[in-house]
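J.: In my numbering, the protein residues as written are 14 to 192.
For each residue, glycine too, the CB sits at the ideal point set by N, CA and C.
One structure, pasted below without further comment.
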């Protein structure tokens with residue numbers, strides 16, 4: 014993680030994917046931020062439809078309610094933004110999941126709020142946050158850093174690239190009509 018890197022040598026970070034993994038990673042980075050991060054640039058690359066929520070928590074599917082306890086979800090939450098505190102603040106019903114499953118969108122709303130809080134926290138320490146609403150097609154090393162290439166732009170090379178692709182499904186195999 015960034016805590017193991019001399020932050021004075023890091024001027025640009027690229028975060029590809031801000032679903033669950035990217036949001037929690039960004040939150041952990043925000044927890045590490047201090048005044049030495051001023052002037053650092055964070056480039057966030059993802060499609061805008063479900064920022065923070067990702068595919069997994071971007072919608073409600075009745076057959077796919079959250080299948081873990083709220084205690085465990087709270088244990089995963091960053092100190093920057095506790096899941097339990099968020100539930101209490103927004104008045105969402107608390108459940109042990111044995112008696113009433115929790116909708117996926119409830120956790121998705123928490124993740125979106127956590128993403129916003131992490132970005133605000135980083136900006137408070139002078140981090141420039143840029144959002145690139147596109148699909149990343151390639152992340153690869155090059156002489157001056159990590160290249161992030163998307164379907165609409167190529168970003169300036171980053172010192173560190175974090176790739177959190179989330180749920181990915183390969184395209185279905187072509188079908189053949191047998192006569």
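Who are the Cβ neighbours of residue 14 in its own chain at under 6 Å, not counting the five residues just before and after it?
T.: Reliability of the predicted coordinates at residue 14 is poor, the pLDDT of 40 falling under 50, and the value obtained from them is presented with this limitation in mind. None.
J.: Could you tell me which uninterrupted beta strand (DSSP E) segments, each at least 3 residues in length, are contained entirely in the stretch 36-106, listed from first to last along the chain?
T.: 54-59
J.: According to the neighbour-count rule (16 or more other Cβ atoms, all chains shown, within 10 Å of its Cβ), is residue 83 buried or exposed?
T.: buried
J.: What does the Cβ neighbour count give for residue 148, buried or exposed, with the cut at 16 atoms within 10 Å?
T.: It is exposed - the Cβ of residue 148 has fewer than 16 other Cβ atoms within 10 Å.
J.: By how many angstroms is the C-alpha of residue 42 removed from the C-alpha of residue 30?
T.: Spanning the two alpha carbons is a distance of roughly 15 Å.
J.: Which term fits residue 100, buried or exposed, when burial requires 16 or more other beta carbons within 10 angstroms of its beta carbon?
T.: buried
J.: Taking only the alpha-carbon atoms, compute the straight-line gap between residue 132 and residue 146 and give it to the nearest angstrom.
T.: 16 Å
J.: Using alpha carbons as the reference points, say which of 33, 80, 115, 126 lies closest to residue 93.
T.: Of the listed residues, the one whose Cα sits closest to residue 93 is 126.
J.: Measuring CB atoms only, is the stretch 25-39 touching the stretch 51-68, in the sense that at least three cross pairs come out at less than 8 Å?
T.: yes
J.: According to DSSP, which residues form a beta bridge with residue 168?
T.: Residue 168 is not bridged to any residue.
J.: Which of the three DSSP states, helix, strand or coil, is assigned to residue 150?
T.: strand
J.: Is the CB-CB distance between residue 140 and residue 24 below 8 Å?
T.: Going by beta carbons, residue 140 and residue 24 fall outside the 8 Å limit.
J.: In whole angstroms, what separates the C-alpha of residue 67 from that of residue 137?
T.: 25 Å
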